[in-house]
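Residue numbers (the numbering used here): 11 to 575.
From the three backbone atoms N, C-alpha and C, an ideal C-beta is built for every residue, glycine too.
For reference, the structure is listed below as structure tokens.
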RNA sequence: GGACGCGUAGCUCAGCUGGAUAGAGCAACUGCCUUCUAAGCAGUAGGUCAGAGGUUCGAAUCCUCUCGCGUUCACCA
């Protein structure tokens, strides 16, 4: 159409440039028709005419397209297109004939993508803060899978480093305790949590008193392994209860003992990205507190970081960042595609160096998108819940699952953009009202199901033929909204923003509830009309399409649909 | 002091990557259960999108500066 228009008007413009800026999408306001385009604004520059006049020129090009009912110029020069009623009726038919496939989009094209999330230290059970990253990462993973990526869900176990020494010491204390020794108070700096009693018990079960007779250095590895086994079992169980199943658990210790650090180093060396040097004190810091040390450094500033980063400590051992680089090289090698990290708000300062690392190690072939999940404030009826890590008195993920259930946690934590902090109020999230979106969406689905029960027909027994009976404004609006589902999913996936799925479902539910209530004031608007089988059938098909879409959305969020409430 | 994020209705938040009159829920006020589930619906009221500039046909959205809030800042992990 563009080239036709070009020659007709004898003008020149860059079609690619235009197509990039061109929009053809359903407008916010449904009164503006079904599709809307800004093409006349874009062309007005070349034609040296007002957008409105351009639009009027364009009208007769557009109304020749099939399925177009009416074309109007509006506002500053938008061209609004109204599609014929039958377009929408066939739309519902297509949906029901291809229940599984009608919304398939192939954004990922089978490309691999690796998403690392949770990666909580294996020193204790998961707590509330972990829950958000866990749910977010998991929903994002299944969303990406849904749109055609090959997704690997990965957990990095930080089973090396000083926190493991602390863990071993804490475990040995509990071991003594299990052997009947009075351990009194847990010393400062060790992990006080009760869960370590299980580790002590396991050590006694496996080794009896035998560990007592040996040097600490000799038993370190044994205790370390038993502690990790017990705690990772707790963590996996917490994740299982949240409905999360990771594909890969990677051990930091294995990364260190393998050859990856050397590989990393040689890649950086070849690219001239490492040097021995001394870092300057950060701006604003008192230079008296600054100790100058010569270290092996990575030139992350070449990739936009504010300062270069240490790979080795001054005593020559690797930094955490160095092993993390090696780990990311490992992920790049395995994935040969882009990476995603889901981290907590306290890792904000880490983003730019890991970006630099991935770009350097992948030769700029791949990139990493770091999603930061902001803080979760736990509240009980508006008042903050006090937690103290010191006393081991903090709310665990397991506690939350016990009190509100998995579906509520998942939905609430996803009904917010990841970079916004989130209030999680135990009282509010179990409330059953519109204030609580979980029940709102579930209720819509339960109502769908209830209609089929009243009609004494099963979803799969509906006849999918004639939908010309669906013609009220509200029905068509609902069909239109359902047809937007693949687009919503695509946008959510492209932007790595699973919260959009939640908001879509809430809006869909709202439209459905509204349609339902119409039948209260006006009996002819009910879904089931006693003596009109055809009308009833087509309306039930619409209900089915709603139910299908809600289920698809909930499936991505790993939330079970409810059939009765 | 630097980095990153946030600032939208009294409160909690969306806003489709630059579109038309900025939207939901809660709280307030009006209505709707003999009816396919009222855990719901319809309506009223509530806004200088923190502030000031800039980019253009057009800005809550992009850029710059200012203010406020949050997270963070060397060999920890």
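So, with DSSP's three-state summary, where would you put residue i?
i           : result
residue 572 : coil
residue 93  : strand
residue 328 : strand
residue 318 : coil
residue 302 : coil
residue 355 : helix
residue 475 : coil
residue 394 : strand
residue 164 : strand
residue 285 : strand
residue 196 : coil
residue 256 : coil
residue 406 : strand
residue 175 : helix
residue 523 : helix
residue 489 : helix
residue 47  : strand
residue 80  : strand
residue 150 : helix
Among residues of its own chain, excluding the 5 on either side of residue i, which ones have a beta-carbon nearer than 6 Å to its beta-carbon?
i           : result
residue 53  : 64
residue 332 : 321
residue 14  : none
residue 188 : 210, 211, 214
Can you tell me which of the options puts its alpha carbon nearest to the alpha carbon of residue i?
i           : options            : result
residue 279 : 260, 307, 451      : 307
residue 106 : 371, 298, 471      : 471
residue 239 : 257, 210, 226      : 210
residue 85  : 37, 113, 394, 124  : 37
residue 435 : 177, 445, 392      : 392
residue 480 : 28, 83, 99, 57     : 99
residue 345 : 241, 372, 156, 207 : 372
residue 360 : 316, 342, 294, 297 : 316
residue 498 : 156, 433, 58, 28   : 156
residue 582 : 547, 495, 564      : Outside the displayed range of the chain (11 to 575) lies residue 582, so it cannot be described from this structure.
residue 302 : 77, 292, 309, 164  : 292
Measuring CB to CB, does residue i end up less than 8 Å from residue j?
i           : j           : result
residue 169 : residue 132 : yes
residue 158 : residue 118 : yes
residue 516 : residue 153 : no
residue 504 : residue 347 : no
residue 419 : residue 411 : yes
residue 537 : residue 556 : no
residue 350 : residue 379 : yes
residue 236 : residue 216 : yes
residue 146 : residue 508 : yes
residue 258 : residue 162 : yes
residue 128 : residue 143 : yes
residue 512 : residue 440 : no
residue 370 : residue 281 : yes
residue 568 : residue 149 : yes
residue 462 : residue 468 : yes
residue 269 : residue 313 : no
residue 343 : residue 382 : no
Under 8 Å Cβ to Cβ from residue i, same chain only, skipping five residues before and after it: list those, please.
i           : result
residue 141 : 252, 386, 407, 410, 419, 423
residue 81  : 69, 72, 73, 89, 90, 91, 92
residue 485 : 525, 549, 552
residue 271 : 265, 328, 332, 333, 336
residue 491 : 517, 518, 521
residue 573 : 455, 456, 459
residue 46  : 33, 34, 35, 36, 37, 88, 89, 90, 91
residue 500 : 115, 117, 157
Starting from the C-beta of residue i, find all residues in its chain whose C-beta is less than 7 Å away, skip the five residues before and the five after it, and write them out in chain order.
i           : result
residue 458 : 553, 556, 557
residue 50  : 61, 64, 65, 68, 87, 89
residue 454 : 519, 522, 523, 560
residue 502 : 153, 508, 510, 511
residue 464 : 538
Using a threshold of 7 Å, is the CB atom of residue i nearer than that to any non-hydrogen atom of the ligand MG?
i           : result
residue 507 : What this structure holds is no ligand at all, so the ligand MG is not there to describe.
Can you list the alpha helix (DSSP H) stretches of 4 or more residues lying completely in the region 526-557, in chain order? none
What are the start and end residues of each continuous alpha helix (DSSP H) run of 4 or more residues lying completely inside the region 330-389, in chain order? 330-345, 361-371
Continuous alpha helix (DSSP H) assignments of at least 4 residues falling wholly in the region 197-239: 206-217
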